[in-house]
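Per the UniProt record's numbering, the very first residue in the sequence shown carries number 1; after that it's consecutive. A virtual CB, placed ideally from N, CA and C, is assigned to each residue, including glycine. Reviewing the structure listed below.
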Amino acid sequence: MKKLITIQKREKLNDVYAVDNAGPGGAYHRYIICEHDETCWCDGSNNIGVLEDIYFQKGPRKEKDSQHGVIDSDLLEIVNDRLRAFQDGPYKCVENENALKAINEALYWMNKRVEDRIERNVLGRNEK
1 MKKLITIQKR EKLNDVYAVD NAGPGGAYHR YIICEHDETC WCDGSNNIGV
51 LEDIYFQKGP RKEKDSQHGV IDSDLLEIVN DRLRAFQDGP YKCVENENAL
101 KAINEALYWM NKRVEDRIER NVLGRNEK
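Have a look at this one:
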C-alpha cells in the first residue's frame, strides 16, 4: 500500500492510497479514498474513514478473466462534468476553465489511443 503524494498540500480534505500491487503494465488497480489522516482501516478489519474504494479495469477488456472496473477516462469524464457545472453556475473561474482545457486535452489523447487500437484490431488485448 502506498499513500499518493498529491499536488494539494494545504487544507487537504482526503487522502488517496494505492492498495494493491502494480500490475503487468506498471499501474495499480485499486485505490482507497479516505478522510485526511484516517488510517484505522489500514489493517483491513474495518472501513472507518473510507469514502470510496475504486477498482480499475485489470487486464484486457475482452478477456473473460480480466477484472472489470472503471477506466481512467471515466474519472476524467466525471470531473469534466462537475467543472462544467461549476462554470455554468455562480462559481465560474479561470482556474476551472484552465482545468477543463487540460482535462479535455487528456480525454482527447486517451480516446485517440483507443481509436488507434481499434483500427489496428488490438483493443482489448495485451498487444502493442
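> What whole-angstrom Cβ distance do CYS40 and GLY26 have, given they're in contact under 8 Å?
Replying inline: As a first step, residue 40 must be located in the sequence shown, where it is residue number 40. As a first step, residue 26 must be located in the sequence shown, where it is residue number 26. Wrong, their Cβ atoms sit about 30 Å apart, outside the cutoff.
> Using CA coordinates, which residue listed in ARG120, GLU115, ASP116, TYR28 is at the minimum distance from LYS58?
Replying inline: In the sequence shown, residue 58 corresponds to position 58, counting from 1. Minimum Cα distance to LYS58 is reached at TYR28.
> Below 7 Å between beta carbons: does that hold for LYS64 and GLY124?
Replying inline: The residue given as residue 64 occupies position 64 in the sequence shown. The residue given as residue 124 occupies position 124 in the sequence shown. Taking a C-beta distance under 7 Å as the contact criterion, LYS64 and GLY124 do not qualify as a contact pair.
> CA-CA distance, GLU127 and PRO90?
Replying inline: In the sequence shown, the residue the question calls residue 127 occupies position 127. In the sequence shown, the residue the question calls residue 90 occupies position 90. The straight-line gap from Cα to Cα measures roughly 47 Å.
> Could you check where the alpha helix (DSSP H) with ASP81 kicks off and where it finishes?
Replying inline: Taking the sequence shown and counting its residues from 1, one reaches residue 81 at position 81. Note, ASP81: alpha helix (DSSP H), 72-88.
> How would you label ILE32, buried or exposed, when you count the other beta carbons within 10 angstroms and need 16 or more for buried?
Replying inline: Numbered from its first residue, the sequence shown carries residue 32 at position 32. Under this definition ILE32 is a buried residue.
> Does DSSP put TYR55 in a helix, a strand or coil?
Replying inline: Residue numbering aside, residue 55 sits at position 55 when the sequence shown is read from its first letter. Reduced to three states, the DSSP call for TYR55 is strand.
>> I need the boundaries of the alpha helix (DSSP H) containing ILE103, first residue and last residue.
In response: Position 103 of the sequence shown holds residue 103. Looking at the DSSP string, the run of the alpha helix (DSSP H) that includes ILE103 is 94-119.
> In terms of alpha-carbon separation, which member of PRO24, GLU11, CYS34, GLY23 lies closest to LYS3?
Replying inline: Here residue 3 refers to the residue found at position 3 of the sequence shown. Ranked by Cα distance from LYS3, the first of PRO24, GLU11, CYS34, GLY23 is CYS34.
> Any idea which residues DSSP pairs LYS64 with across the strands?
Replying inline: By 1-based counting over the sequence shown, the position of residue 64 is 64. The beta-bridge partner set that DSSP reports for LYS64 is empty.
>> Can you tell me whether ASP43 is helix, strand or coil according to DSSP?
In response: Numbered from its first residue, the sequence shown carries residue 43 at position 43. In the structure shown, ASP43 adopts helical secondary structure according to DSSP, grouped into three states.
>> By DSSP's criteria, ASP15 is part of a beta bridge. Which residues make up the other side?
In response: Your numbering for residue 15 matches position 15 in the sequence shown. Answer by DSSP bridge pairing, in chain order: CYS34.
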